[in-house]
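> One point on numbering: in our numbering, the residue at position 1 of the sequence shown is 1, and numbering is uninterrupted.
Ideal Cβ placement from N, Cα and C applies to all residues, glycine included.
Since the model is a prediction, treat every value here as computed from it, not as a measurement.
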Amino acid sequence: MRRLRPNRFLLVAILACFGFARTASALSVEATLEKSTDLQTWTPVTVTTGLLDAQGRILQDPGSTGFYRLSLAAATPPAGTVAILSGSFLMGDALDGTSTAPVHSVSLSGYYIETNEVTKALWDEVRAWGLANGYTDLPIGVARASNHPVQTISWFAAVRWCNARSEKEGRTPAYRVGGAVYKTLTAGTVTCDWTANGYRLPTEAEWEKAARGGLSGKRFPWGDTISHANANYISSDLYAYDTGASSPPAYHPTYFDGIGELCTSPAGSFPANGAGLKDMAGNVAEWCWDWYAPDYYATSPATNPTGPATGTARVVRGGSWESYGEKVRVADRGIHDPALGNLNTVGFRCVLP
Numbered sequence: 001m002r003r004l005r006p007n008r009f010l011l012v013a014i015l016a017c018f019g020f021a022r023t024a025s026a027l028s029v030e031a032t033l034e035k036s037t038d039l040q041t042w043t044p045v046t047v048t049t050g051l052l053d054a055q056g057r058i059l060q061d062p063g064s065t066g067f068y069r070l071s072l073a074a075a076t077p078p079a080g081t082v083a084i085l086s087g088s089f090l091m092g093d094a095l096d097g098t099s100t101a102p103v104h105s106v107s108l109s110g111y112y113i114e115t116n117e118v119t120k121a122l123w124d125e126v127r128a129w130g131l132a133n134g135y136t137d138l139p140i141g142v143a144r145a146s147n148h149p150v151q152t153i154s155w156f157a158a159v160r161w162c163n164a165r166s167e168k169e170g171r172t173p174a175y176r177v178g179g180a181v182y183k184t185l186t187a188g189t190v191t192c193d194w195t196a197n198g199y200r201l202p203t204e205a206e207w208e209k210a211a212r213g214g215l216s217g218k219r220f221p222w223g224d225t226i227s228h229a230n231a232n233y234i235s236s237d238l239y240a241y242d243t244g245a246s247s248p249p250a251y252h253p254t255y256f257d258g259i260g261e262l263c264t265s266p267a268g269s270f271p272a273n274g275a276g277l278k279d280m281a282g283n284v285a286e287w288c289w290d291w292y293a294p295d296y297y298a299t300s301p302a303t304n305p306t307g308p309a310t311g312t313a314r315v316v317r318g319g320s321w322e323s324y325g326e327k328v329r330v331a332d333r334g335i336h337d338p339a340l341g342n343l344n345t346v347g348f349r350c351v352l353p
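1. Looking only at its own chain, which residues have a Cβ that is under 8 Å from the Cβ of T345, when we skip the five neighbours before and after it?
2. So who's on the other strand from V181, going by DSSP bridges?
3. Span of the beta strand (DSSP E) holding Y112?
4. What separation, rounded to the nearest whole angstrom, lies between the Cα atoms of L262 and E117?
5. Starting from L286, follow the beta strand (DSSP E) in both directions and report where the run begins and ends.
6. Give a yes or no on whether the C-beta atoms belonging to T100 and Y241 are separated by under 9 Å.
7. Enumerate in chain order the residues of its own chain whose CB-to-CB distance from A281 is below 8 Å, with the five nearest sequence positions on each side excluded.
8. As a quick exercise: from G141, S86 and E169, pick the residue whose alpha carbon is nearest that of A79.
9. Given this structure, state the Cα-to-Cα distance separating D137 from K35, to the nearest angstrom.
10. Suppose only complete runs of 4+ residues qualify. What are the alpha helix (DSSP H) ranges in the region 191 to 231, listed by chain order?
11. Answer with buried or exposed for T23, where buried requires no fewer than 16 other C-beta atoms within 10 angstroms of its C-beta.
12. What are the start and end residues of the beta strand (DSSP E) that includes V328?
13. Between the alpha carbons of A26 and L108, how many angstroms are there, rounded?
14. From R144 to I58, what does the alpha carbon distance come to, in whole angstroms?
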């Protein structure tokens, strides 16, 4: 019988044996405890308190002998998401204007974020489930087509929908009011349970780290210039970095609806950034969790910032089909009243812990 103490030090040691020591803190790894009596056939073992002694060491099963091993595999992101690994990044930029400064280092825990913005088709699917399960006032939402991002969704409706999606998939809802799961528009402060495994909106810092896709100090998710080949936005000769410049300003020629009222593109129509995410600039702006404060960049915590404790407006990021190049920069910060449900330029995407 080999005695194995299943702790993080053992895991790091095993990773080191395979040459992963330098990146162990950043790896997204799933570890499975397995048992064998002949060193040939291995079966998964559920770790329970009865399997461990007071020091956390594995005990021999009564009446049997055997061997244990820790089987490692790369963690598989939930469908439709990519993993953003834990670590630090430089938030903000010093390239244009003052709303994006000062540049500062922020450390975040790892999380998953959706590749695309929430589409009308997905909104409708979860909404139907929610209305049948106690979510009484999820709005219909508006979209140009089922594969386009849903719009006219208030911040409050978006977080209730996140809860419905969580419950639909057997996850723990993240948002509560007065200790109860937030299902119906009601008075009270919406709080977030950061330990829940359910869907939620990204924090402002989570959104920006994901949007940068590993790049640092750039205006956009792909670099420092922009054109209609990169994103669905309004091109203009007002900005030297807008290489799709136009005078007068021009909507995206492929997605212009002729009247300038609903010019979205199908979710995922443009190339992904370095993290594999699409539409992090343009198409629709995206709700974040954070209350807005103009000086928050200068005062935010260095680790896992979640925004000011109170406020009157919530942050939106990424700009939209109706934004000029300046407003679709990675570091630009937009704001809206969280109760507004008539915004045809705002949508959202979800994260998971």
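The answer reads as follows:
1. Reading the sequence shown from its first residue, position 345 is the one you call residue 345. The answer, listed in chain order, is Q151, V284, A285, S320, W321, E322 and S323.
2. In the sequence shown, the residue the question calls residue 181 occupies position 181. Paired residue(s): R176.
3. Against the sequence shown, residue 112 aligns to sequence position 112. Residues Y111 to E114.
4. Your numbering for residue 262 matches position 262 in the sequence shown. Your numbering for residue 117 matches position 117 in the sequence shown. Whole-angstrom Cα-Cα distance: 16 Å.
5. Numbered from its first residue, the sequence shown carries residue 286 at position 286. The residue asked about is misnamed: residue 286 is Glu in this sequence, not Leu. Segment A285 to W291, the beta strand (DSSP E) holding E286.
6. Numbered from 1 along the sequence shown, position 100 holds the residue referred to as residue 100. Numbered from 1 along the sequence shown, position 241 holds the residue referred to as residue 241. It is not a contact, given that the beta carbons lie outside the stated cut-off.
7. Translated into the one-based positions of the sequence shown, residue 281 becomes position 281. Same-chain partners within the cutoff: A211, F220, P221, I226, N230, A231, Y233, G318, G319, V328, R329 and V330.
8. Mapped onto the sequence shown, residue 79 falls at position 79. If we check each option's Cα against that of A79, E169 comes out closest.
9. Within the sequence shown, residue 137 is the residue found at index 137, counting from 1. Within the sequence shown, residue 35 is the residue found at index 35, counting from 1. One C-alpha to the other measures close to 50 Å.
10. 204 to 212
11. Your numbering for residue 23 matches position 23 in the sequence shown. In this predicted model, T23 has a pLDDT of only 32, less than 50, meaning its place in the structure is not dependable enough to derive any value.
12. Here residue 328 refers to the residue found at position 328 of the sequence shown. Neither: V328 is in no beta strand (DSSP E) and is coded neither H nor E.
13. Position 26 of the sequence shown, counted from the start, is the residue given in the question as residue 26. Position 108 of the sequence shown, counted from the start, is the residue given in the question as residue 108. Only weak support is given to the placement of A26: the predicted model assigns it a pLDDT of 41, under 50, and the value that follows is read from those uncertain coordinates. So the alpha carbons of these two residues sit roughly 11 Å apart.
14. Residue numbering aside, residue 144 sits at position 144 when the sequence shown is read from its first letter. Residue numbering aside, residue 58 sits at position 58 when the sequence shown is read from its first letter. Between R144 and I58, the C-alpha separation is close to 57 Å.
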